[in-house]
Every structure is written in structure tokens, then in C-alpha cells.
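Participant:
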């Protein structure tokens, strides 16, 4: 078990750092397998692809743009823009030929226009290759194929090269195995029957309508901008901002999204086999699970020393123990854990080191970067207290000097500024002047009464740092300068 299911009640958990009766849970994370996504870019396809592209669990090898809800050319274009937005040039994109004889579904404009509107303009060109049978299995590992669209391309690939079956671990198809209940199957029944007869292992994600019914997860208070600053969460808000699009999306149960949750949390589902057909259905409501993974960015850390243990509140100093619930609710479990480690390392709790954690995490979110993967060049001063920001950045990102990922650039005496680079994209974050001014004024006010040798000075600095930790959200603190 990783996150979602409480085996007694089947209740989802939003945070992997959970507060129950003064206890804090720090959990571990496991890597998933190699996945190729075959999509025709319906609304639910876009939601599932967003989850996958920022998932710390899944190694996505390729996206195959198929004909279906959108035509193949539009599908490839939209997939390319998603890869660009999520900063995933490492994921291969394959374009298939458009089927001009296939009738366009009536809901095609809804999906195409909504996804188009939700995506920003492309910042760089994404390489697109022509689809071949080997597109599914080009890497060495066995492949899990997530078939979010019709099976036209997969059937054609198996016909052209039957040996690829040996390199496919299994095929996951959202929805029912009955064509009258599954639009993707009915779109190309012959292709489905061919794939089914090929001997490939197929798992149908066939959710119970009650368990997979979508709730009001996009309008509830926990989804307000706050701790949830992942790219996927912001994308979904833009995707569903139009009322008619939201109604269209919400009217259907979770299908493609449920397939993603099955990939990362298979024990959440009950697997049955009838007449050689394997189907799964979730054991509990999927809304909280979808919300959890939507807000879980790739910045989620792998635990090295900690495991799935409960940390009692008495291990924390009283002024932190009393704030834990609010700190996690406002800023998320990842920041809480990073702040905890950073402050113990830094040996005191102050403004700039706390700001450094927030800056590092924000950069990881903006670049969709996993831990210890960015090149970090700080332009912060070499003198305290502003230099303390470096410790926060290092702990939050894992981009340490020892990994040859942290560098001191030319000092900017006027601004608190650091540059971050990952996957060919670079952003520079600058602490907004109003926050810099407030820090300076507060420290100056404390120094009017106390000196650095006074215990009261450090008590006041600590109280100010705690206020920043809890109440200054990283979404609001920084100006972003995109360099390339």
C-alpha cells in the first residue's frame, strides 16, 4: 500500500503526511513501471495524461496520438503542447495517420476546444515521430500499454510485428469489455477483437458507477489555490473552467483517470476473471484518490532514512507542534517535511532559510522536476542573514554541491534571486520586493531592542520564521523570469 486505501474502511487519504490525534505520518514512495500511453485526447484522456506526466511513480516512455475523440493531427498537436507544458522532452511523441473516413463524434469540439484553451502557448517545439509498430516497445523493459483511445494503432502494430506481444507486459483498457458500454471499443471493434485474440494480457478497468462517480471535487474548499500548486491541478482548473465543459466531464464516471490510479495503486482495486476476461473495480470512492494524485507533483521526495512511521507530536518543539495541522493544510506535506529537515540542519529557525525551502519547491513545481535533478545557480549574497536562503534551497531540492548541482553565481546585492534549470528549461525566481522589505524591517525592529547576543533576539527571529513557514505561501512569494 502506498497512499490511498485504508483497508478497514476504504477511506482515501489526501496527504501522505497525515495528522491524526497529534501524530504525523511520513511515508515512502515506490517507482512504477514503463508505460506507453495511446490516447485520442478526450477530456478524461487529458486528465489521465496530466496525472502521468507529473507522476513520481511512473516511467512514461512514449505517447501515441490516435484518431478518435480528436483527429490524429489535432491529437498530436495537443499532446505536444502538454509535453511542453509539463517539461517532458524525455517522452517520445508519435503521430499516426488520420482516418478521413471515420465520422467525427459529436463531442469532438467540446474536448478539442477545452484542451486548446487550457494549454499555454508552446515555448519550444516538441519533436514528433511517425508511428511504427516498434513505437510501443522501443525500450528494453517490458511495456505496460495504457490504451485511452481506440485500439486501431495497437492492432496495426501487432499485425505488422506479432513479436511485440512478447515485449508487452499487459494492456490496460479503461471501461467495460462490452463494446456497447465502451466508446473506444465500439469506435473500432475489429481492432479490439484482433488485439483480444492476439494473446496479449488485457486488464479492463471497469469501475462500479457508484465508486467512480465524480463529486464536486473541483469546487470544494480543499481545491482552492493553497498547498495544491502542481501543474496538473492548475491545468484541470483551466480545462474545466467553462460550465458546459465541466458538466460534460462530470456527467461520466472516472474511466481513464481510474486506469492511472490502478497503475500506481493496484491494491485499491478488486481483480476478477470471468471467461478469460480480467476486470477491476475500485473498492472505494475515487474522488479523493484522484484529487491526491492530481496535487502530487514530481517534487515528491524518495525517503532514504524515514519509512512509513508515525512521528508523535511530542518530538516537536511546542511552538511547532501547535501549528502542524495548519502548516500542512496551508502548504502541503512536502514543504512541512523539508522545513523540518532544513531547520534541524540550519540549527536555527529564521526567515531566509524558510524562504529558501519555499523557493526550491516552487522551482521544482514550475519545472515539473523531481528531486536532485535541477542545476541551481544562486545569486544570493554571501553574508548572513540573506545567505541562509541557500540552505533552504539545497534541502528542498536535493540539489547539493556534493551532487555538483548547486553553484554560486554573480551576487545580486539588490534582490534575492536564484536560477533553476531542468530538462533544457530555465527559470529564475526573485523574492518579491514587498516580502524582502518586510523581512528587513522586521529584523531591524528586533535589533532596535535586542542584540545578536540576546536570547530574546533569536526568540523573535524564530517566531517570525514560524509565521513565514505557516502563512507565506510559495505560490505568492516569487516573481518568475523564464530564461529559456
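Residue numbers (the working numbering): 182 to 665. Each residue gets a CB set at the ideal place from its N, CA and C atoms; glycine is no exception.
1) Using only the alpha-carbon positions, how far apart do residue 370 and residue 271 sit?
2) Just to confirm the assignment: which complete alpha helix (DSSP H) runs, minimum length 4, are found wholly within the stretch 561 to 618?
3) Taking C-beta to C-beta, are residue 444 and residue 608 nearer than 8 angstroms?
4) Suppose you measure from the CA of residue 286 to the CA of residue 221; what does that come to, to the nearest Å?
5) What residue ranges within the stretch 422 to 471 form continuous beta strand (DSSP E) runs of no fewer than 3 residues, ordered along the chain?
6) Given residue 620, which residues of its chain have a CB within under 6 angstroms of its CB, disregarding the five upstream and five downstream residues?
7) Three-state secondary structure (DSSP) at residue 191?
8) Applying the criterion that 16 or more other CB atoms from any shown protein chain within 10 Å of the CB defines a buried residue, is residue 572 buried or exposed?
9) What are the boundary residues of the beta strand (DSSP E) that residue 240 is part of?
10) Report yes or no: do the stretch 598 to 607 and the stretch 560 to 572 share at least 3 C-beta pairs separated by less than 8 angstroms?
11) Report the CB separation of residue 426 from residue 231 in whole angstroms; it is logged as a contact under 8 angstroms.
12) If you check the beta carbons only, do residue 268 and residue 543 fall under 8 angstroms apart?
13) If residue 546 and residue 476 are in contact, beta carbons under 8 angstroms, what's the gap, nearest whole angstrom?
14) Any heavy atom of the ligand ADP closer than 7 angstroms to the Cβ of residue 307?
15) Could you say if the stretch 250 to 262 and the stretch 340 to 356 meet the contact criterion of at least three C-beta pairs nearer than 8 angstroms?
16) For residue 588, does the count of other Cβ atoms within 10 angstroms reach 16, so buried, or fall short, so exposed?
17) Residues in the same chain with beta-carbon distance under 6 angstroms from residue 372, minus the five sequence neighbours each way, listed in chain order, please.
18) In chain order, what residues of the same chain have a beta carbon less than 7 angstroms from the beta carbon of residue 508, not counting five sequence neighbours either side?
19) Here's a check: name, in chain order, each residue in its chain whose Cβ is nearer than 7 angstroms to the Cβ of residue 363, leaving out the five neighbours to either side.
20) Just verifying my parser: in three-state terms, what is the DSSP assignment at residue 205?
21) So, under 8 angstroms CB-CB, residue 655 and residue 551 are touching, yes? Tell me the CB distance rounded to an integer number of Å.
Facilitator: Let's see:
1) One C-alpha to the other measures close to 33 angstroms.
2) Uninterrupted alpha helix (DSSP H) stretches at least 4 residues long and entirely within the stretch 561 to 618 occur at 570 to 578, given in chain order.
3) In this structure, residue 608 does not lie closer than 8 angstroms to residue 444 by Cβ.
4) Roughly 12 angstroms separates the two Cα atoms.
5) The stretch 422 to 471 contains these whole beta strand (DSSP E) runs: 450 to 455, 458 to 463.
6) In the same chain as residue 620, and ignoring 5 residues on each side of it, the C-beta atoms closer than 6 angstroms to its own belong to 532, in chain order.
7) Bear in mind that a pLDDT of 31 at residue 191, under 50, signals an unreliable position, so the model cannot answer this.
8) Looking at its Cβ environment, which holds 16 or more other Cβ atoms inside 10 Å, residue 572 is buried.
9) Per DSSP, residue 240 belongs to the beta strand (DSSP E) from 240 to 246.
10) Contact between the stretch 598 to 607 and the stretch 560 to 572 is present, with at least three C-beta pairs closer than 8 angstroms.
11) Taking a contact as a CB-CB distance under 8 angstroms, the pair residue 426 and residue 231 does not count as one, their CB atoms being some 15 angstroms apart.
12) Not closer than 8 angstroms, so no.
13) Contact between residue 546 and residue 476 is ruled out by a C-beta separation of about 11 angstroms, above the 8 angstroms threshold.
14) No copy of the ligand ADP occurs in the structure displayed, which carries no ligand at all.
15) Here the stretch 250 to 262 makes no contact with the stretch 340 to 356; the two share fewer than three CB pairs at distances below 8 angstroms.
16) That one is exposed.
17) Listed in chain order, the non-local C-beta contacts of residue 372 below 6 angstroms within the same chain comprise 332, 333, 336, local neighbours out to five positions each way being set aside.
18) 517, 650, 651, listed in sequence order.
19) Within the same chain, residue 363 has close Cβ partners 356, 357.
20) Confidence is the limiting factor: at residue 205 the pLDDT is only 39, short of 50, which leaves the residue's position unreliable, though a coordinate-based value still follows. When DSSP states are grouped into helix, strand and coil, residue 205 belongs to the strand group.
21) That pair is no contact at about 18 angstroms.
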